[in-house]
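Novice:
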Amino acid sequence: MSALFPALAAAARAAHGTHDTHDPHGTDGDVRHRPALRFGDRELTYGALACAAGAVAERISGAGRVAVWATPTLETAVGAVAALLAGVPAVPLNPRTGERELAHIIRDSAPHLVLAGPDDELPPVLAALERIDIEAAGPGGVSGPGEAPGPGVRALPAEPGPETAALIVYTSGTTGPPKGAVLPRRAIAATLDALADAWEWTGDDVLVQALPLFHVHGLILGVLGPLRRGGAVRHLGRFSAEGVGRELGTGATMLFGVPTMYHRLAEAVDGDPELAKSLAGARLLVSGSAALPVHDHERLFAATGRRVVERYGMTETLMNTSVRVDGEPCPGSVGLPLPGVELRLVEEDGTEITALDGETVGEIQVRGPNLFTGYLNRPDATAAAFDGDWFRTGDMAVRAPDGQVRIVGRKATDLIKSGGYKIGAGEIENALLEHPQVREAAVTGEPDDDLGERVVAWVVPADPARPPSGDELAGHVASQLAPHKRPRTVRFLDALPRNDMGKIMKRSLPHG
Ligand code: MCA
Ligand code: AMP
Numbered sequence: 003m004s005a006l007f008p009a010l011a012a013a014a015r016a017a018h019g020t021h022d023t024h025d026p027h028g029t030d031g032d033v034r035h036r037p038a039l040r041f042g043d044r045e046l047t048y049g050a051l052a053c054a055a056g057a058v059a060e061r062i063s064g065a066g067r068v069a070v071w072a073t074p075t076l077e078t079a080v081g082a083v084a085a086l087l088a089g090v091p092a093v094p095l096n097p098r099t100g101e102r103e104l105a106h107i108i109r110d111s112a113p114h115l116v117l118a119g120p121d122d123e124l125p126p127v128l129a130a131l132e133r134i135d136i137e138a139a140g141p142g143g144v145s146g147p148g149e150a151p152g153p154g155v156r157a158l159p160a161e162p163g164p165e166t167a168a169l170i171v172y173t174s175g176t177t178g179p180p181k182g183a184v185l186p187r188r189a190i191a192a193t194l195d196a197l198a199d200a201w202e203w204t205g206d207d208v209l210v211q212a213l214p215l216f217h218v219h220g221l222i223l224g225v226l227g228p229l230r231r232g233g234a235v236r237h238l239g240r241f242s243a244e245g246v247g248r249e250l251g252t253g254a255t256m257l258f259g260v261p262t263m264y265h266r267l268a269e270a271v272d273g274d275p276e277l278a279k280s281l282a283g284a285r286l287l288v289s290g291s292a293a294l295p296v297h298d299h300e301r302l303f304a305a306t307g308r309r310v311v312e313r314y315g316m317t318e319t320l321m322n323t324s325v326r327v328d329g330e331p332c333p334g335s336v337g338l339p340l341p342g343v344e345l346r347l348v349e350e351d352g353t354e355i356t357a358l359d360g361e362t363v364g365e366i367q368v369r370g371p372n373l374f375t376g377y378l379n380r381p382d383a384t385a386a387a388f389d390g391d392w393f394r395t396g397d398m399a400v401r402a403p404d405g406q407v408r409i410v411g412r413k414a415t416d417l418i419k420s421g422g423y424k425i426g427a428g429e430i431e432n433a434l435l436e437h438p439q440v441r442e443a444a445v446t447g448e449p450d451d452d453l454g455e456r457v458v459a460w461v462v463p464a465d466p467a468r469p470p471s472g473d474e475l476a477g478h479v480a481s482q483l484a485p486h487k488r489p490r491t492v493r494f495l496d497a498l499p500r501n502d503m504g505k506i507m508k509r510s511l512p513h514g
């Protein structure tokens, strides 16, 4: 495998005078001056990034694993790149993770160090770890737009092997706490190159995004993707339709977002001709992490004349399919398997469905170089996730005669996708049951125009005369797990419907 980030390697070599400075993508002929990362008004060129990330890489080289306090900032992007340069597996942490979940992730992944921004306040559970502050400017580096790095650029370390773990990303299952998906460098390179093929993604593209940097979508696709191509990313810090419009109107060419963001753009675009113009001018609008409702797709098309391209992936598999830019637009479809990805649909009894009839529903199974190597410390869960060498996604789909994949549902009803975040019903139920005023709890997902699905909690209070408030329970879940896992609706019942075995029958819940 070639270097994960060729442009970064070229910038570092150029700074050492070992190679000519010619920029293959170049505007001004020197790769070091090419913009790489921009967060708000702070920007790093490839030269400055090589300098800043190289300095951090040198400090963490040889560490077993590092945690990265993953705020939506330049520091986090530099920290993640530094870990990749050093060949040290990085565990991105959601800074809003509550006590219970964070304690689990730290226990499970056992990092030796934590990388954080100089101003970040870390919670007590991280206090025992050695902390390294990420200086985004780096020694001799600068963060002003377009300036060249100073003399402090480090020689980048030798590239580790393709099977080396690059990232460990925590993802929820139906029950129990989140599991750490171990993603090797090979999977990251394979998925980004397959997307480049499907999207004609080059170093000339400038991506705008506002995704969290502790998940695959925002970090791997949205930061490492542009860097692998030698292009640039502008991160908004937090999502707003106005920010998207501004960046697409001033040079950004692509947008990555979850369906909730496209829904909000569809809401905003009607009364906003400037936004419509900016979206219409984009080279590529990509949606993923959950299904984009055809309704929002059509609203955006009507307002802008642009089709949103959908791609389908998973933390464990990275990207599996995408609508191609050189193919037919296909609302409601997630497109074709990406180059290198094998995909099949399988019946309940394990038989492969060969019909491309757009009707026969089966579970999507995939294999290819884009897959993870397993769940950290969980050989049982890893084994259960595979059927031979095929990974069971749990997503149900049909295939049209031209091979296009259309996702129609999920095998497990206990997984909820809200705002593009995967949430396990079981983990929320466990947290609710720990609340002293809760006797019984069940969690379901209900359709939501904005979030796709919203978390609904069904609660039997310990004392029916004094039930806890919905806000109290939402706050409890937010503080133990994470704010995006909090129930948006809480319904109180006298008892949960159960079958003869005592199992909760979620389908029998009054509105479930
Ligand atoms: C509200 N908040 C609270 C509470 N209630 N905080 C603490 N306790 C509470 N009880 C805070 C939230 O933290 C947040 O803070 C604010 O109130 C609003 O919260 P929320 O409603 O959750 O956020 P939102 O602004 O409505 O978020 C919508 C969103 C977000 C921006 C679309 O859901 C999002 O970023 N989703 C992206 C998920 C993603 O990247 N998934 C990819 C997974 P504040 O306002 O300060 O922020 S990877 C994947 O799925 C695969 C690989 C794939 O295919 O991509
Ligand atoms: P995560 O576990 O957070 O990585 O989420 C992966 C899941 O998100 C997949 O198993 C799908 O259920 C869902 N997903 C991702 N992209 C799409 C898409 N374009 N359409 C429908 N579902 C999607």
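Residue numbering for the sequence shown follows our numbering, starting at 3 and increasing by one per position.
Every residue, glycine too, gets a C-beta built ideally from N, C-alpha and C.
This structure is a prediction, so every number in the text was calculated from the model and none was measured.
Just checking my contact of L197 with G227 at CB under 8 Å: how many whole Å lie between their CB atoms?
Specialist: So it is a contact: roughly 7 Å between Cβ atoms.
Novice: Between which two residues does the alpha helix (DSSP H) harbouring S111 extend?
Specialist: 101-111
Novice: Considering only heavy atoms of ligand 2, does any lie closer than 7 Å to the CB of D397?
Specialist: yes
Novice: Can the beta-carbon of A84 be found less than 8 Å from the beta-carbon of A55?
Specialist: yes
Novice: Any heavy atom of ligand 1 closer than 7 Å to the beta-carbon of G290?
Specialist: It does: the Cβ of G290 is within 7 Å (strictly closer) of some heavy atom of ligand 1.
Novice: Hey, P489 and L475: beta-carbon distance below 8 Å or not?
Specialist: yes
Novice: Where does E436 sit, in a helix, a strand or coil, going by DSSP?
Specialist: coil
Novice: Return the CA-CA distance between K424 and K487, expressed in angstroms with no decimal places.
Specialist: 9 Å
Novice: Flag this pair as touching only if the segment 175-190 and the segment 344-364 have three or more C-beta atom pairs under 8 Å; answer yes or no.
Specialist: no
Novice: For M263, collect the residues of the same chain with a Cβ closer than 6 Å to its Cβ; drop the 5 residues on either side in sequence, then sort them by chain order.
Specialist: Here the set comprises F241.
Novice: Looking only at its own chain, which residues have a Cβ that is under 7 Å from the Cβ of L498, when we skip the five neighbours before and after it?
Specialist: E442, A444, W460, V462, I506
Novice: In three-state terms, what does DSSP make of A278?
Specialist: For A278, the three-state secondary structure derived from DSSP is helix.
Novice: With distances taken between CB atoms, is the gap from D451 to H265 smaller than 8 Å?
Specialist: It is a contact, given that the beta carbons lie within the stated cut-off.
Novice: Short of 6 Å in beta carbon distance, which residues of its chain neighbour V68, apart from the five on each side in sequence? Order them along the chain.
Specialist: Once the five neighbours on either side are set aside, the close Cβ partners of V68 are I62, A85, V90, A92, P113, L115, L117.
Novice: Give every residue of the same chain whose Cβ lies closer than 6 Å to the Cβ of L238, excluding the five residues on either side of it in the sequence, and list them in chain order.
Specialist: Hits under 6 Å: A212, G245.
Novice: Taking its Cβ as the centre, do 16 or more other Cβ atoms sit within 10 Å of H219, making it buried, or is it exposed?
Specialist: buried
Novice: Who are the near neighbours of F303 in its chain, counting only those whose CB is closer than 7 Å to its CB and skipping five residues on each side?
Specialist: R309
Novice: Quick check on this structure: which residue in I409, A50, P179 has the alpha carbon closest to the alpha carbon of T323?
Specialist: I409
Novice: Looking at the unbroken alpha helix (DSSP H) that takes in L302, where does it start and where does it end?
Specialist: Where L302 is concerned, the enclosing alpha helix (DSSP H) starts and stops at 296-306.
Novice: Find the nearest neighbour of A38 within the set A270, F7, D465, G273, judged by alpha-carbon distance.
Specialist: F7
Novice: Is the Cβ-Cβ distance between V235 and L215 less than 8 Å?
Specialist: 8 Å or more divides the Cβ of V235 from the Cβ of L215.
Novice: Let me check one thing: in DSSP terms, what residues is S420 bridge-paired to?
Specialist: Y423, G454
Novice: Do the CB positions of T384 and Q367 come within less than 8 Å of each other?
Specialist: no
Novice: Taking the alpha-carbon positions, what's the V284 to L250 distance?
Specialist: It is Ala, not Val, that sits at residue 284 in the sequence shown. If I take the Cα positions, the gap works out to 6 Å.
Novice: Expressed to the nearest angstrom, what Euclidean distance is found between the alpha-carbon atoms of D51 and R346?
Specialist: Correcting the residue identity first, residue 51 is Leu in this sequence and not Asp. Going from the Cα of L51 to the Cα of R346 covers about 41 Å.
Novice: Just how far apart, CA to CA, sit T193 and P371?
Specialist: For T193 and P371, the distance between alpha carbons rounds to 8 Å.
Novice: Measure the CB-CB distance between A340 and G405 and report whether it falls below 8 Å.
Specialist: It is worth fixing the name first, because residue 340 is Leu in this sequence and not Ala. Going by C-beta atoms, L340 is not nearer than 8 Å to G405.
Novice: When the Cα of D328 is compared with those of A278, Y314, D502, W203, which residue comes out closest?
Specialist: W203
Novice: Looking at C-alpha atoms only, which residue of E300, A5, T173 is the closest neighbour of E161?
Specialist: A5
Novice: Looking at R313: is its Cβ nearer than 8 Å to the Cβ of V336?
Specialist: Inclusion of R313 and V336 in the CB contact set at 8 Å is warranted, their separation being smaller than that value.
Novice: Does DSSP put L267 in a helix, a strand or coil?
Specialist: L267 falls in the helix class under three-state DSSP.
Novice: Once you ignore the five residues that flank P512 on each side, which residues in its own chain have a CB closer than 7 Å to its CB?
Specialist: none
Novice: For A79 and S289, what's the separation of their Cα atoms in angstroms?
Specialist: 21 Å
Novice: In the DSSP assignment, find the unbroken alpha helix (DSSP H) run with P381 in it and report its ends.
Specialist: Note, P381: alpha helix (DSSP H), 381-387.
Novice: Mind checking whether A282 and T306 have CB atoms under 8 Å apart?
Specialist: yes
Novice: Among G315, P180, P295, whose alpha-carbon lies nearest the alpha-carbon of I107?
Specialist: P180
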